[in-house]
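Enquirer:
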Amino acid sequence: MFQLIARTFILYLVVVVTMRLMGKRQIGQLQPFEFAVAVMISELAALPLTEDDRKIHHALIPIAVLVACQLLISFLSIKGVRIREWVCGTPRLLIRDGKMLEKNMRREMYTINDLLEQLRFNSIQSISDVDFGILETNGQLSVMLKSEKRPLTPEDLSIKPPYECFYHDVIIDGKLIGRTLQRLNYKREWIDDKLKEFGINDYSLVFYAAIDNNGKLYVQKKGEYLE
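If you want my numbering, it's the position in the sequence shown, counting the first as 1, plus 1.
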């Protein structure tokens, strides 16, 4: 039993580290070769757990080889356009000026239903509203609406809205994030004084706090909003 627990823990750490090395992409953003590597790693990691005659190195060595191959291909893809096109493919135009391009759809084995589904995901009801629809290398459809169908922007109305500040996390679930204060050149005493203005003398009472670029502090106390 202990050996099984130890194997599971080790393989869990290995899979987490390898996925981390592959980058911070979501499943839907993985390139085909990255998705294949992820599936193979998960299958290899399960072998020593489901088959008693398998040693843990039977999974670790192939996983290491797969990660090395993936990192090599990623590096080569960054360095060379031709390699990137060969490995990842190239975007394909599926809609132009409100019309579906049948030949390109057949090349990508993309059905009308697939296309309509992706348009609905983009809150688009009619193909005629689309200027360009491009199938990206990760399988997602990028849509550019015709100019008369695009939502209004402040620029269209000659309006310049105020700058929206970026908020930096400073306290999460009662824990002070010191590196945020260091990066923004704030002293701990400053945050203590600011919290006192909210009637807070202990970080453990703070559910979340953040600082914007103007030095304004946003605070939510623990238990303040439970629903």
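Glycine residues also receive a C-beta, built at the ideal position from the N, C-alpha and C atoms. The structure displayed is predicted, hence computed values, not measured ones.
Report the residue from Asp170, Glu225 and Val220 whose alpha carbon sits nearest the alpha carbon of Asp194.
Expert: Indexing the sequence shown from 1 puts residue 194 at position 193. The shortest C-alpha separation from Asp194 is found at Val220.
Enquirer: Does the pairing of the segment 9-20 with the segment 46-61 give three or more beta-carbon distances under 8 Å?
Expert: Yes: at least three Cβ pairs fall under 8 Å.
Enquirer: By the DSSP assignment, the alpha helix (DSSP H) with Gly216 in it spans what residues?
Expert: Residue numbering aside, residue 216 sits at position 215 when the sequence shown is read from its first letter. Note, Gly216: premise wrong, no alpha helix (DSSP H); not H, not E.
Enquirer: I need the straight-line Cα distance from Lys150 to Glu137, nearest angstrom please.
Expert: As a first step, residue 150 is located in the sequence shown; it is residue number 149 there, counting from the start. As a first step, residue 137 is located in the sequence shown; it is residue number 136 there, counting from the start. Computed Cα separation, rounded: 22 Å.
Enquirer: Is DSSP giving Phe133 helix, strand or coil here?
Expert: Position 132 of the sequence shown, counted from the start, is the residue given in the question as residue 133. Phe133: strand per DSSP, three-state reduction.
Enquirer: I need the straight-line Cα distance from Val144 to Gln4, nearest angstrom please.
Expert: What you label residue 144 is simply residue 143 of the sequence shown in a count that begins at 1. What you label residue 4 is simply residue 3 of the sequence shown in a count that begins at 1. Roughly 52 Å separates the two Cα atoms.
Enquirer: Assess contact between the segment 101-114 and the segment 150-170, defined as three or more Cβ pairs (one per stretch) separated by less than 8 Å. Is contact present?
Expert: No contact exists between the segment 101-114 and the segment 150-170.
Enquirer: State the start and end residues of the unbroken beta strand (DSSP E) segment that holds Arg97.
Expert: Indexing the sequence shown from 1 puts residue 97 at position 96. Segment Arg93 to Arg97, the beta strand (DSSP E) holding Arg97.
Enquirer: Between which residues of its own chain and Gln126 is the CB-CB distance below 8 Å, once the five residues before and five after are set aside?
Expert: Sequence index remark: in the sequence shown, residue 126 carries index 125 (1-based). So the qualifying residues of the chain are Leu120.
Enquirer: Is it the case that the Cβ atoms of Ile135 and Pro92 are separated by a distance below 8 Å?
Expert: Here the question's residue 135 lines up with position 134 in the sequence shown. Here the question's residue 92 lines up with position 91 in the sequence shown. Cβ atoms of Ile135 and Pro92: closer than 8 Å.
Enquirer: Output the boundary residues of the alpha helix (DSSP H) element that contains Asp203.
Expert: Position 202 of the sequence shown holds residue 203. Taken as a continuous stretch (DSSP letters only), Asp203 belongs to no alpha helix (DSSP H), as it is neither H nor E.
Enquirer: Any idea if Ile96 is buried or exposed, counting beta-carbon neighbours within 10 angstroms, 16 or more meaning buried?
Expert: Your numbering for residue 96 matches position 95 in the sequence shown. Buried, because 16 or more other Cβ atoms sit within 10 Å of the Cβ of Ile96.
Enquirer: Using DSSP with H/G/I as helix, E/B as strand and the rest coil, what is Met20?
Expert: On the sequence shown, position 19 is the one that residue 20 refers to. Correct three-state label for Met20: helix.
Enquirer: With DSSP as the reference, label Phe167 as helix, strand or coil.
Expert: Along the sequence shown, read from residue 1 onward, the residue named residue 167 stands at position 166. It is coil, neither helix nor strand.
Enquirer: How many angstroms separate the CA atom of Gln183 from the CA atom of Ile192?
Expert: If you number the sequence shown from 1, residue 183 lands on position 182. If you number the sequence shown from 1, residue 192 lands on position 191. Roughly 12 Å between the two C-alpha positions.
Enquirer: Apply the 10 Å Cβ neighbour rule to Ala69 and answer buried if 16 or more other Cβ atoms are within range, or exposed otherwise.
Expert: The residue you call residue 69 lines up with position 68 of the sequence shown. Ala69 is exposed by the Cβ-count criterion.
Enquirer: With distances taken Cα to Cα, identify the nearest neighbour of Ile212 among Leu142, Asp170, Thr51 and Gly90.
Expert: Position 211 of the sequence shown, counted from the first residue, corresponds to residue 212. Checked all of Leu142, Asp170, Thr51 and Gly90; the closest Cα to Ile212 is Asp170.
Enquirer: When we look at the beta-carbon of Ile6 and count the other beta-carbons within 10 Å, is it buried (16 or more) or exposed?
Expert: Taking the first residue of the sequence shown as 1, we reach residue 6 at position 5. Burial call: exposed.
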